[in-house]
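K.L.:
Residue numbers (UniProt numbering): 1 to 115.
#1: Around the C-beta of residue 16, are 16 or more other C-beta atoms found within 10 angstroms, so that it is buried, or is it exposed?
#2: Of the residues 46, 12, 2 and 32, which one's Cα is nearest the Cα of residue 88?
#3: To which residues does DSSP link residue 104 through a beta bridge?
#4: How is residue 45 classed by DSSP in three states: helix, strand or coil?
#5: Measure the Cβ-Cβ separation of residue 74 and residue 94 and say whether it is below 8 Å.
#6: Check whether the region 105–114 touches the region 74–83, taking contact to mean three or more Cβ pairs, one atom from each stretch, closer than 8 Å.
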């Protein structure tokens, strides 16, 4: 899954995590690549403040995603530009990504879902 939605639209920001969790629970292998504003969601304080319409705070969903070992990548350049640090990613088991990793995920996937 790929997303660039950030905290300016909490519901859209939550979709890759909500849908990624549902897909993982249904037995599918899922990886999430965040870019642009969405990398800011790696900050736990922001994830706790993002509340999508009709859903619990994003932090709760992200915790479940991390518990299921869904791999999350945050664009490295996007993260550096927004001050997102390795310690922000570590709490979710996430890694910094780059264009080569994004290409490898597209090649790995049977389907790519963009949110």
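By construction, the Cβ of each residue, glycine as well, lies at the ideal position given by its N, Cα and C atoms.
P.N.:
Looking at the atomic coordinates:
#1: Within the chain shown, the letter at position 16 stands for residue 16. Buried, because 16 or more other Cβ atoms sit within 10 Å of the Cβ of residue 16.
#2: Sequence index remark: in the chain shown, residue 88 carries index 88 (1-based). For residue 88, the nearest C-alpha among the options comes from 46.
#3: Within the chain shown, residue 104 is the residue found at index 104, counting from 1. Answer is none; residue 104 lacks a bridge partner.
#4: Here residue 45 refers to the residue found at position 45 when the chain shown is read from its first residue. Residue 45: helix per DSSP, three-state reduction.
#5: Sequence index remark: in the chain shown, residue 74 carries index 74 (1-based). Sequence index remark: in the chain shown, residue 94 carries index 94 (1-based). It is a contact, given that the beta carbons lie within the stated cut-off.
#6: no
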